[in-house]
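Colleague: Line by line, the protein sequences give chains C and R.
Per this note's numbering, residue 1 is the first one in the first sequence, and the count goes up by one each step.
Per this note's numbering, residue 159 is the first one in the second sequence, and the count goes up by one each step.
We put the CB at the ideal spot given by N, CA and C, even for glycine.
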Amino acid sequence: MSVTITTKINGQAVSAVAEASASLLEFLRDTLEMKGSKLCCNTGECGACTVIYNGKPINSCVTMAADANGAEIVTIEGLADGEKLHPVQQAFIDTGAVQCGYCTPGYIMSVKALLDRTTKPTPADIEEAVSGNICRCTGYNKIVDAIHLAADRIAGRA
Amino acid sequence: MEYFEPKSLSEALSVLEKHGAEAKVIAGGTDVMVDIKFKEEPGSLVNIKKLPGMSGIKENGGSLRIGALTTIRDLETSTLVREKLPVLWEASHQFASLQVRNTATIGGNICRASPSGETLAPLLVLEATGKCAFPEGEKSQPFTSFFQGPGKSVLGAKGLLTEIDVPYPAAGSKSVYLKHAVRGAMDIAMVGVAVMITPDAGKNNIQDVRIGLGAVAPTPVRAPKTEALLRGKPLTAALLKEAGALAASEATPITDQRSSAENRRWIVEALTRRGLEQTWIAATGKEVV
């Protein structure tokens with residue numbers, strides 16, 4: 001059985017048909033051909049599929065596509081302003097926080113959601129914000145460096 | 159697979175009455191979506207996430223009423239929950255990742271009826287009650303008699319949990335939720351132990367004690383023999399040791415990929431001792447000697 005999904009993604013109104021059993025991640029990647037959000041564990045454990053749903057980071061792999069109806073969703077594709085990267089994206093590059101890169105879109109969405117809430121995150125805030133993201137290359141220190149740098153840049157401290 | 163998005167509780171109940179046996183209810187989806195992807199699609203899927211009036215936390219005299227669709231993150235960020243029901247707050251705080259907490263609902267955690275469900279041992283020691291809606295009417299069910307086995311509860315195929323009523327613990331009581339898992343919060347608990355102690359007026363003896371055990375029986379359970387052993391006594395080192403061993407004997411764990419049954423019993427013993435000691439000290443200001 002298929003359902004029509006009418007939603008807003010990265011500020012743009014979208015209406016498309018998907019299987020009722022589809023996850024939001026499948027809707028993004030397969031129906032809308034937006035491949036930035038990554039499919040990895042498909043069980044809500046690794047965070048590679050993280051998107052921002054009504055202002056909150058969620059795992060799109062364990063969210064129903066149908067729940068996108070009427071919601072506002074931000075994905076990694078929605079962050080850059082033309083050629084200009086979002087401060088979180090730029091900070092990940094500048095600190096070398098990207099290794100194989102597969103986890104990076106998910107991390108960046110989790111960090112964006114954090115820095116939308118506060119530009120002065122405590123170590124506990126940072127740990128909580130990215131505790132649902134796994135970097136299998138284990139480049140965690142540089143990711144934390146990137147979060148500090150992005151926060152400083154957004155707040156005008158750097 | 160048929161798909162339903164009922165607009166009201168009564169519509170949801172009539173869909174379940176018609177399709178109950180082959181229907182699966184979905185709310186946050188953090189468990190059910192995994193089943194759909196890795197096991198099989200149900201005959202029909204009933205999405206209750208947007209049912210009106212089933213989300214939110216409100217005070218109701220001596221208890222908190224929590225809508226079944228309230229997310230774990232809403233519990234974690236609620237000052238009411240943190241102040242009035244600290245043991246439920248602790249479980250919500252140790253619940254998977256931020257992404258999962260933003261989506262998963264307390265009703266889903268309960269209705270999943272997994273022995274390791276993070277909020278369940280705390281709800282047992284808080285003596286919370288579920289408001290259950292059936293096609294034939296509504297029923298209030300204490301969680302101590304709600305669970306019937308892994309994945310099974312009194313709701314059966316046609317019932318829906320709409321609200322959770324959690325009475326405030328007695329004045330002066332202290333509680334703790336201790337979770338043992340290899341990878342911290344993201345991991346499913348190998349063992350979860352919730353303990354609540356209420357001392358007597360002079361803070362000399364245990365007036366009331368409740369111990370909830372998670373992931374060590376087909377359902378989350380209380381440890382009634384251990385509670386009876388402790389009631390009316392001061393917590394001494396000898397009693398603490400005896401209570402830990404008795405709690406371990408009340409658990410009926412299985413061996414699975416997370417732990418052997420024997421290891422689970424040891425952990426029940428250790429966490430029960432630790433939980434009792436912590437809550438005794440917090441409630442009485444006295445050391446265990």
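(1) With the cut-off set at 8 Å, would you say residue 291 of chain R and residue 318 of chain R are in Cβ contact?
(2) Label residue 81 of chain C either buried or exposed according to how many other C-beta atoms from any shown protein chain fall within 10 Å of its C-beta, with 16 as the threshold for buried.
(3) Determine the chain C residues that contact residue 257 of chain R at a beta-carbon separation under 8 Å, and present them in chain order.
(4) For residue 21 of chain C and residue 199 of chain R, which I take to be in contact (beta-carbon distance under 8 Å), what is that distance rounded to the nearest angstrom?
(5) Using three-state DSSP, classify residue 141 of chain C as helix, strand or coil.
(6) For a test of the three-state rule: what should DSSP assign to residue 244 of chain R, helix, strand or coil?
(7) One question on the structure: do residue 282 of chain R and residue 376 of chain R come within less than 8 Å of each other, judged by their Cβ atoms?
(8) Within the same chain, show all residues whose beta-carbon is closer than 7 Å to that of residue 307 of chain R, passing over the 5 residues directly before and after it, in chain order.
(9) If you compare alpha carbons, which of R/316, R/309, R/404 is closest to residue 295 of chain R?
(10) Taking the alpha carbon of residue 76 of chain C as the reference point, which residue from C/157, C/49, C/68 has its own alpha carbon closest?
(11) Can you check DSSP and say which residues form a bridge with residue 305 of chain R?
(12) Show which residues of chain C have a CB atom less than 7 Å away from the CB atom of residue 159 of chain R.
(13) Counting C-beta neighbours from all protein chains within 10 Å, is the total for residue 12 of chain C 16 or more, i.e. buried, or is it exposed?
(14) For residue 240 of chain R, which residues in the same chain have their Cβ closer than 6 Å to its Cβ, ignoring the five residues on either side in sequence?
(15) Excluding the 5 residues preceding and the 5 following residue 90 of chain C in the sequence, name in chain order all residues of the same chain whose CB lies nearer than 6 Å to its CB.
(16) Starting from residue 144 of chain C, find everything on chain R with Cβ-Cβ shorter than 8 Å and list it in chain order.
(17) Taking 8 Å as the CB-CB limit, is residue 62 of chain C close to chain R?
(18) For residue 207 of chain R, go through chain C and note every residue whose CB falls closer than 7 Å to its CB, in chain order.
(19) Given a cut-off of 8 Å, decide if residue 337 of chain R and residue 252 of chain R are closer than it, judged by their beta-carbon atoms.
(20) At a CB-CB cut-off below 7 Å, which residues of chain R make contact with residue 129 of chain C?
(21) Can you give the Cα-Cα distance for residue 122 of chain C and residue 166 of chain R, rounded to whole angstroms?
(22) For residue 439 of chain R, would you say it is in contact with chain C, using Cβ-to-Cβ distances shorter than 8 Å as the test?
(23) By Cβ distance, which residues of its chain are closer than 6 Å to residue 348 of chain R, with the 5 residues on each side in sequence left out?
(24) Could one say the Cβ of residue 192 of chain R lies closer than 8 Å to chain C's Cβ atoms, at least one of them?
(25) Quick check on the burial criterion: 16 or more other C-beta atoms within 10 angstroms. Buried or exposed for residue 180 of chain R?
(26) Is DSSP giving residue 285 of chain R helix, strand or coil here?
(27) Within the same chain, show all residues whose beta-carbon is closer than 7 Å to that of residue 83 of chain C, passing over the 5 residues directly before and after it, in chain order.
(28) How many Å lie between residue 321 of chain R and residue 186 of chain R at the Cα?
(29) Over what stretch of residues does the beta strand (DSSP E) that includes residue 191 of chain R continue unbroken?
(30) When the Cα atoms are used, what is the spatial distance from residue 150 of chain C to residue 142 of chain C?
(31) Rounding to the nearest angstrom, what Cα-Cα distance links residue 166 of chain C and residue 272 of chain R in this structure?
(32) Given a limit of 9 Å on CB to CB distance, which residues of the region 176 to 190 of chain R reach chain C?
(33) Check each residue of the region 267 to 279 of chain R: if its Cβ is closer than 9 Å to any Cβ of chain C, include it; give the result in chain order.
(34) Am I right that residue 192 of chain R and residue 44 of chain C are in contact with their C-beta atoms under 8 Å? What's the rounded C-beta distance?
(35) Where does residue 12 of chain C fall in DSSP's three states?
(36) With a cut-off of 8 Å, does the C-beta of residue 203 of chain R fall near any C-beta of chain D?
Modeller: Let me lay it out:
(1) yes
(2) exposed
(3) 44, 47, 50, 57, 58, 59, 110, 132
(4) 5 Å
(5) helix
(6) helix
(7) no
(8) 376, 377
(9) R/316
(10) C/49
(11) R/311
(12) 1, 20, 21
(13) exposed
(14) 247
(15) none
(16) Within chain R, no residue comes near residue 144 of chain C; the closest Cβ sits about 16 Å away, beyond 8 Å.
(17) yes
(18) 67
(19) yes
(20) 256
(21) 42 Å
(22) no
(23) 338, 339, 416, 417
(24) yes
(25) exposed
(26) coil
(27) none
(28) 16 Å
(29) Counting along the chain, residue 191 of chain R falls outside any beta strand (DSSP E), though it belongs to the alpha helix (DSSP H) covering 190 to 196.
(30) 12 Å
(31) Shown here, chain C extends from 1 to 158; a query on residue 166 of chain C therefore has no answer.
(32) 184, 186, 187, 188, 189, 190
(33) none
(34) 7 Å
(35) strand
(36) Chain labels in this structure do not include chain D; the protein chains are C and R.
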